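A short write-up of the structure that comes next.
Residue numbers (the working numbering): 8 to 138.
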């Protein structure tokens with residue numbers, strides 16, 4: 008639920024800023040950025056929940072879960088670099104606004120995913136009785 012509010016809030020704030028205060032920097036692909044990051048975050052969060060169930064069943068270790076999480080972050084980063092490169096190379100419209108918007112969304116959703124990972128680790132410590 009937090010992710011939905013984060014998504015809607017970021018999208019609304021971004022739309023208001025770009026359309027009302029600095030309309031010269033609005034670009035047509037802006038609505039794609041929050042949707043893309045929400046989909047990526049949903050996928051990563053879904054995998055984290057699956058790994059948590061496997062960890063509870065004893066199928067994998069905490070170290071393996073953390074490794075999977077970090078691989079997911081790396082794949083996300085590489086995907087974002089490819090998307091950014093393709094936009095800058097082929098679309099080439101409002102480059103500065105695109106890069107700033109893209110990086111802000113990247114950081115906000117990275118923070119959300121990191122908080123989800125931290126919550127997962129905290130729940131695991133509580134279940135195992137480790138402080």
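Quick reminder that beta carbons are idealized off the backbone N, C-alpha and C, glycines included. The structure displayed is predicted, hence computed values, not measured ones.
- For residue 92, the enclosing alpha helix (DSSP H) has its first and last residue at 69-93.
- Between residue 48 and residue 116, the CB-CB gap stays under 7 Å.
- Put simply, the region 127-135 touches the region 50-69. At least three CB pairs are less than 8 Å apart.
- If you keep only unbroken alpha helix (DSSP H) runs of at least 4 residues inside the region 12-73, you get 39-63.
- No Cβ-Cβ contact shorter than 7 Å links residue 119 with residue 40.
- In the three-state scheme derived from DSSP, where H, G and I count as helix and E and B as strand, residue 135 is classed as helix.
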